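If you're matching positions, the sequence shown starts at 5 in this note's numbering and goes up one per residue.
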Amino acid sequence: MKNYLLIFALLIATTSFAGNDETACSKNSISDEISEKVGQKTPFVTYDLEGYVTILFSIDENNILHISNIQSENEFLKNHVLETLNNKMMENDCVEHGKTYALKLQYIQYG
Numbered sequence: 005m006k007n008y009l010l011i012f013a014l015l016i017a018t019t020s021f022a023g024n025d026e027t028a029c030s031k032n033s034i035s036d037e038i039s040e041k042v043g044q045k046t047p048f049v050t051y052d053l054e055g056y057v058t059i060l061f062s063i064d065e066n067n068i069l070h071i072s073n074i075q076s077e078n079e080f081l082k083n084h085v086l087e088t089l090n091n092k093m094m095e096n097d098c099v100e101h102g103k104t105y106a107l108k109l110q111y112i113q114y115g
């Protein structure tokens with residue numbers, strides 16, 4: 005039986021709140037790209053893949069994502085997210101470089 009992994013991402017906070025007017029570049033596009041990157045890489049285990057992972061991250065002027073804090077009760081998921089995202093290039097050019105973002109990922113295994 006195949007197991008499927010569904011990942012929900014929710015951009016939950018940022019460290020600066022001034023000037024949060026929405027433009028053609030939506031904050032959701034950041035979480036969409038992260039969800040896609042995490043979903044594309046197959047975890048190295050096929051069990052115990054349910055839970056939450058919360059990350060604090062920033063994106064530098066070279067569009068490299070840097071995780072400054074990661075929290076999860078599930079070590080497999082924590083390591084999967086860290087290996088998949090930390091120091092990786094982001095294609096989204098609608099980010100504020102140097103700004104700290106918080107993102108909560110929910111993994112649901114079904115199938």
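Glycine included, C-beta positions come from ideal geometry on N, C-alpha and C. Predicted model only: the values in this text are computed from it and were never measured.
With DSSP run on the structure shown, which of helix, strand or coil describes residue i?
{"i": "Ser39", "result": "helix"}
{"i": "Asn83", "result": "helix"}
{"i": "Ser76", "result": "coil"}
{"i": "Leu107", "result": "strand"}
Here's the rule I'm using: 16 or more other beta-carbon atoms within 10 Å means buried, otherwise exposed. How should residue i be labelled?
{"i": "Met93", "result": "exposed"}
{"i": "Ile38", "result": "buried"}
{"i": "Ala17", "result": "Caution applies to Ala17, whose pLDDT of 43 falls short of 50 and renders its modelled position unreliable; the value that the coordinates give is listed next. By the neighbour-count rule (16 or more Cβ atoms within 10 Å), Ala17 is not buried but exposed."}
{"i": "Ile112", "result": "exposed"}
Is the CB-CB distance between residue i and residue j below 8 Å?
{"i": "Leu60", "j": "Ser72", "result": "yes"}
{"i": "Val99", "j": "Val42", "result": "no"}
{"i": "Ser35", "j": "Leu107", "result": "yes"}
{"i": "His70", "j": "Asn91", "result": "yes"}
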